[in-house]
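Student: Numbered according to UniProt numbering, the sequence shown terminates at residue 121, and the numbering increases by one at each position without gaps. My questions will all concern the structure given below.
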Amino acid sequence: MANILIVDDSSTMRKIISRSLRQAGLAVDEIYEAGDGIEGLSVLASGKPVTLILSDINMPNMDGLEFIKQVRANGNAVPIVMITTEGGEEILKEAIASGASDSIKKPFTPDQLQEKLGGLI
């Protein structure tokens, strides 16, 4: 069972992602939420058993790119998938180069989540 950390500044989007994960039939145990990269880092620092991170790119305080860099700098190898409205290939390339495993564009369907995340959890 996967324990997933969703990092997105929109509480509505976090709820949509949570619901979609369950609709996709993925083996999800716990879902943790964070409103930005700083909150995301504190969830990880708390020792919660996170097995997958889904993160937005555009967030206040600490954006998704900086969040990835911080997670990797701490030696954490947990898979990180970016969920973003960013159409720009450059920013997604930077995310992958910084340590992201993959990306999913909003809006997405439960089937797309199953396809992208099925092999990670």
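All C-beta atoms in this analysis are idealised placements derived from N, C-alpha and C, irrespective of residue type, glycine included. None of these values were measured; they are calculated from a predicted model.
Could you tell me if residue 208 is buried or exposed, where buried requires 16 or more neighbouring beta carbons within 10 angstroms of its beta carbon?
Tutor: Look at the range of the chain in this structure, 1 to 121, and you will see that residue 208 is not part of it.
Student: In the DSSP output, what is V28 paired with across the bridge?
Tutor: According to DSSP, V28 bridges with A2.
Student: Going by the beta-carbon positions, is the gap between I6 and E33 smaller than 7 Å?
Tutor: Cβ distance < 7 Å, so I6 and E33 count as in contact.
Student: Here's the rule I'm using: 16 or more other beta-carbon atoms within 10 Å means buried, otherwise exposed. How should D29 be labelled?
Tutor: So D29 counts as exposed.
Student: Measuring alpha carbon to alpha carbon, tell me which of S20, M1 and N3 ends up nearest Q114.
Tutor: It is S20 whose Cα lies nearest to the Cα of Q114.
Student: Which residues in the same chain have their Cβ closer than 6 Å to the Cβ of A24, if we skip the five residues on either side of it in sequence?
Tutor: Cβ within range, chain order: P110, L113 and Q114.
Student: Which two residues bound the contiguous beta strand (DSSP E) that contains T84?
Tutor: Taken as a continuous stretch (DSSP letters only), the beta strand (DSSP E) holding T84 covers I80 to T84.
Student: Taking DSSP as the reference, what is the three-state secondary structure of V43?
Tutor: Three-state result, V43: helix.
Student: According to DSSP, is V7 helix, strand or coil?
Tutor: Looking at V7 - three-state DSSP - the assignment turns out to be strand.
Student: Within the continuous alpha helix (DSSP H) that includes D63, where are the two ends?
Tutor: D63 -> no alpha helix (DSSP H), and no H or E assigned at all.
Student: Mind checking which residues open and close the alpha helix (DSSP H) that includes S98?
Tutor: Unbroken alpha helix (DSSP H) run through S98: E89 to S98.
Student: Using C-beta distances below 7 Å, list every residue in its chain close to P60, excluding the 5 sequence neighbours before and after it, in chain order.
Tutor: The residues are D9 and D36.
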